[in-house]
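In the numbering used here, the protein residues as written are 850 to 1004. Glycine residues also receive a C-beta, built at the ideal position from the N, C-alpha and C atoms. Predicted model only: the values in this text are computed from it and were never measured. What follows is one structure encoded as structure tokens, with my remarks underneath.
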């Protein structure tokens, strides 16, 4: 999930259950501009750091303990990463999201977008979120993402 500086969801990609969190990371970042990208240790990979630097952003990712050479990161900026955790916590108030009752990925993804939309209604959107202030998720995005998932499954 990609969130803005206020913790509002901007993009959500559903990955296969056996895939790691880092697999869809480049697709999440594609097309977005940011000054910094905050992520946890699971996203510590040289190729992802290269994608972030090509965006012109700073990668604030702590090193995986298995990494031989530690890469420095801004600890103060990393402390703001809790915003995505708070976003997930709010979405998990929807029992259907937390337990994933839906058998089909397209149904779960459609409900996720509905939950995000309902969650976003309760946020104060008058605050300036920088370049993401005009981002929104609507019904067309649900249909488009469901079609993309079906095409990926067929391939």
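Option nearest residue i by Cα separation, candidates the options
i: residue 911; options: 893, 871, 858, 883; result: 893
i: residue 853; options: 959, 960, 956, 935; result: 935
i: residue 968; options: 959, 942, 957; result: 942
i: residue 880; options: 871, 901, 870; result: 901
i: residue 927; options: 873, 870, 889, 939; result: 889
i: residue 939; options: 865, 966, 913; result: 966
i: residue 913; options: 944, 871, 959, 865; result: 871
Exposure of residue i, with buried meaning 16 or more beta-carbon neighbours within 10 Å
i: residue 919; result: exposed
i: residue 962; result: buried
i: residue 868; result: exposed
i: residue 975; result: Its pLDDT being 41, under 50, residue 975 is placed unreliably in this model, and the value from its coordinates should be taken loosely. Residue 975 comes out exposed.
i: residue 891; result: exposed
i: residue 985; result: Here the model assigns residue 985 a pLDDT of 34, short of 50, so the residue's position is not dependable, and the following value carries that caveat. Classification for residue 985: exposed.
i: residue 983; result: Summary for residue 983: the model assigns pLDDT 31, below 50, so the residue's position carries little reliability, and this model does not support an answer.
i: residue 860; result: buried
i: residue 954; result: buried
i: residue 964; result: buried
i: residue 899; result: exposed
i: residue 858; result: buried
i: residue 875; result: exposed
Residue(s) in a DSSP beta bridge with residue i
i: residue 900; result: Answer is none; residue 900 lacks a bridge partner.
i: residue 858; result: 852
i: residue 907; result: 885
Presumed contact (8 Å Cβ cut-off) between residue i and residue j, rounded CB distance
i: residue 856; j: residue 932; result: 4 Å
i: residue 862; j: residue 877; result: 6 Å
i: residue 915; j: residue 886; result: Not a contact, Cβ separation roughly 21 Å.
Does the stretch 917-934 touch the stretch 944-958, meaning 3 or more C-beta pairs lie closer than 8 Å?
In this structure the stretch 944-958 does not lie against the stretch 917-934, because fewer than three pairs of beta carbons, one per stretch, are closer than 8 Å.
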